[in-house]
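Below: one structure, written as structure tokens.
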Amino acid sequence: MVDLKGQYQNIQEEIDEAVLNVIRSTAYINGPEVKSFKAELENYLGVNHVIPCANGTDALQIAMMALELQPGDEVIVPCFTYVATAEVIALLRLKPILVDVDKDTFNINIEEMEKAITSKTKAIVPVHLFGQCADMEAIMNIADKHSLFVIEDTAQAIGADYTFSDGTIKKAGTIGTIGCTSFFPSKNLGCYGDGGAMFCNDAELAEKLRIKANHGQSRQYVHDQVGVNSRLDSIQAAILRIKLRHLDDYSAARLKAAKYYNQQLADVSGLQTPVFNPDSTHVFHQYTLQCDGIDRDDLKKYLNDKNIPCMVYYPIPLHHQEAYKQENTGDKDFPVTIELCANVISLPIHTELTYEAQDVIINGIKEYFNK
Ligand SMILES: *Cc1c(COP(=O)(O)O)cnc(C)c1O
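Following this line, the structure appears as structure tokens:
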């Protein structure tokens, strides 16, 4: 699904030198590389504060801890997402309130989201799924109206731009109260291990996030609150500094590959190609088709038997997972999520994808429909 080796080989000299430099420096934790990466990412995103941490799941957890959400507080999340988003909510004994998504964009449905707000709601966690932004202008307006925090899960959309109706453009993750991202190797900005970060514009909140991520330590050996230990290590920061310089090119390469798939698959009846949110650029973390009137699992098996990689993100809706089954909500509340879990199929998309490789995939799909 991704070609991490091909991507590495294209920047191998720079990466090898940077990694060796960290090893030789012995500044393995919180060294100068972490500080430089933090500053460079702030500059790239146009955000005042980046707080690096150990992974994207930690970023979400620390964000909720720093906002002092209390057990029983309700936090709204889309039902169609990776489990991490709901997991940290439950872990902190907050109450995840699942909401259905839009069939076209896979992102949280604004009307359903507004309906889910109660007097106990404290935060909304929009997920910019597969690489394009949720409808952030509407989300921010509703959040302001109800005084709710917005924690953006931008693990799949780093680098995407969102345009407001007044023409203002902001990067995904810099719009809400806090943005959270992951540098897992297969993410659009991936390191060679685990990594993550939080973004915010408010200096006081940034300090709270830093303290929470560092054992709740306000001054050395002074712990006024319970925190966690979540750090980005220097080797990963050195790798990320190099890859950040390529991020816009990587996004462009993904978009180009997606447009080629869109063009070649446009007239395959039985498949819906990805729909663009007009207010967001798309960085195509995943290229996801919807099957219409055909058996998705049969198509997947046909392609896999021909050694054509494809995956289903995500096959099981959150409310069917044993850990996140909710009282009083069943399939009737999540018709789109149910449909998507049965219909979606994602094709390989990465920065080194060639037209030739795409043609093999495209021809495999066309053969399935002509068989
Ligand atoms: C990858 C991902 C995460 C978690 O990131 P990790 O670094 O693996 O902890 C959270 N949310 C979404 C939407 C993701 O895709």
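The numbering used here puts the first residue of the sequence shown at 239, with every later residue one more than the last.
Think of the CB as a built atom: it goes at the ideal place given N, C-alpha and C, for glycine as much as any other residue.
Since the structure is predicted, the reported quantities are computational estimates derived from the model, not experimental observations.
Shown here, residue 425 sits in coil according to DSSP, grouped into three states, outside any helix or strand. A straight line joining the alpha-carbon of residue 298 with that of residue 465 spans about 13 Å. For residue 584, the distance from the CB to the nearest heavy atom of ligand 1 is not below 7 Å. One alpha carbon belongs to residue 531, the other to residue 505, and they sit about 15 Å apart. Contact annotation: residue 346 and residue 372 have beta-carbon atoms nearer than 8 Å. Along the length of the stretch 544-605, whole alpha helix (DSSP H) runs at least 4 residues long occupy 573-581, reported in chain order.
Unbroken beta strand (DSSP E) stretches of 3 residues or longer found wholly inside the stretch 259-320: 287-291, 312-316, given in chain order. The beta carbon of residue 307 is closer than 6 Å to those of 332, 360 in its chain, skipping five residues each way along the sequence.
Nearest Cα to residue 503 within the set 576, 596, 257, 590: 596. At the C-beta level, residue 481 and residue 284 stay beyond 8 Å of one another. Here residue 518 carries a strand assignment [DSSP, helix/strand/coil]. 449 is the residue among 423, 457, 475, 449 whose C-alpha sits nearest the C-alpha of residue 305.
Judged by DSSP secondary structure, residue 435 falls within the beta strand (DSSP E) whose first and last residues are 434-438. Looking only at 316, 412, 425, 393, the smallest Cα-Cα distance to residue 352 is reached by 316. Close CB contacts of residue 473 within its chain, under the 6 Å cut and outside five residues either way in sequence, are with 257, 260 (chain order).
One Cα belongs to residue 553, the other to residue 339, and the distance between them is close to 15 Å. The closest CA to that of residue 443, considering only 606, 301, 255, is found on 301. Annotation for residue 272: 290, 470, 472, 475 place their beta carbon closer than 7 Å to its own, counting only its chain and skipping 5 residues before and after.
By the neighbour-count definition (other C-beta atoms within 10 Å, threshold 16), residue 368 is a buried residue.
Judged by their CB atoms, residue 343 and residue 387 are not nearer to each other than the 8 Å cut-off. Assignment of residue 397 by DSSP, reduced to helix, strand and coil, places it in the coil class.
In this structure, 426 is the residue among 426, 421, 404, 519 with its C-alpha nearest to the C-alpha of residue 488. If you check the C-beta of residue 345 against ligand 1, you find no heavy atom less than 7 Å away. With the rule of 3 Cβ pairs closer than 8 Å, the stretch 556-570 does not count as touching the stretch 590-605.
Of all C-beta pairs linking the stretch 421-437 to the stretch 383-403, three or more are shorter than 8 Å, placing the two stretches in contact.
The three-state secondary structure of residue 484, taken from DSSP, is helix. Spanning the alpha carbons of residue 377 and residue 335 requires a straight line of approximately 16 Å. Residue 385 sits in coil when the DSSP states are folded into three classes, being neither helix nor strand. DSSP, read as helix, strand or coil, puts residue 412 in coil. Relative to ligand 1, residue 426 has its C-beta separated by 7 Å or more from all heavy atoms. Closest in C-alpha terms to residue 485, from the list 507, 428, 513, comes 428. The C-beta distance from residue 288 to residue 435 rounds to 5 Å, short enough to meet the 8 Å contact threshold. Scanning 341, 311, 400 for the CA closest to the CA of residue 370 turns up 400.
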